[in-house]
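Note that numbering that gives the first Met the number 0 numbers the sequence shown so that position 60 is 59, with each residue one more than the last.
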Amino acid sequence: MASLRKENDRGRIGWKIRYRDDKKKQRVVWLGQCSKKAANDAFRHINELVSAKANGGPPTMRRSDGLRNSTANCGIVWKR
């Protein structure tokens, strides 16, 4: 399960997603400043990917680029 919080990190205000990977190590994705809707979209996709990995099944997202599009609204660029 992931969590989403708006935080002030060393003078930067933005959204942060925390989750535990399959090895139970805590991971953090810093989204930065973006709208609450964009942060919730990214959170939903990351939570889906974490759940799918834990259950050993494929993610049930409608679009394969959903996470890429959601995080692009927050300024994150994914390399292929």
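Cβ coordinates follow ideal geometry from the N, Cα and C atoms, glycine included.
Other residues of its chain near residue i: CB distance less than 8 Å, five sequence neighbours each side excluded
i: Arg26; result: Arg17, Tyr18, Arg19 and Asp20
i: Asp8; result: Lys15 and Trp29
i: Pro57; result: Ala51
i: Glu6; result: Ile12, Gly13, Trp14 and Lys15
Nearest-angstrom beta carbon gap, residue j and residue i [assumed within contact, 8 Å]
i: Leu3; j: Asn39; result: 7 Å
Contacts around residue i, its chain only, beta-carbon distance under 7 Å, and the 5 residues preceding and following it disregarded
i: Ala1; result: Ile16, Arg17, Tyr18, Phe42, Ile45, Asn46 and Val49
Residue i at chain B interface by Cβ criterion, 8 Å
i: Arg19; result: Absent from the structure is chain B; it holds one protein chain and no more.
- Query: At a cut of 8 Å, does the stretch 7-14 reach the stretch 31-39 through at least three beta carbon pairs?
  - Reply: Contact holds: three or more Cβ-Cβ distances are below 8 Å.
- Item | 4 or more residues per run - each alpha helix (DSSP H) lying fully within the stretch 4-47 | Counting whole runs of 4 or more residues, the stretch 4-47 contains no alpha helix (DSSP H) stretch at all.
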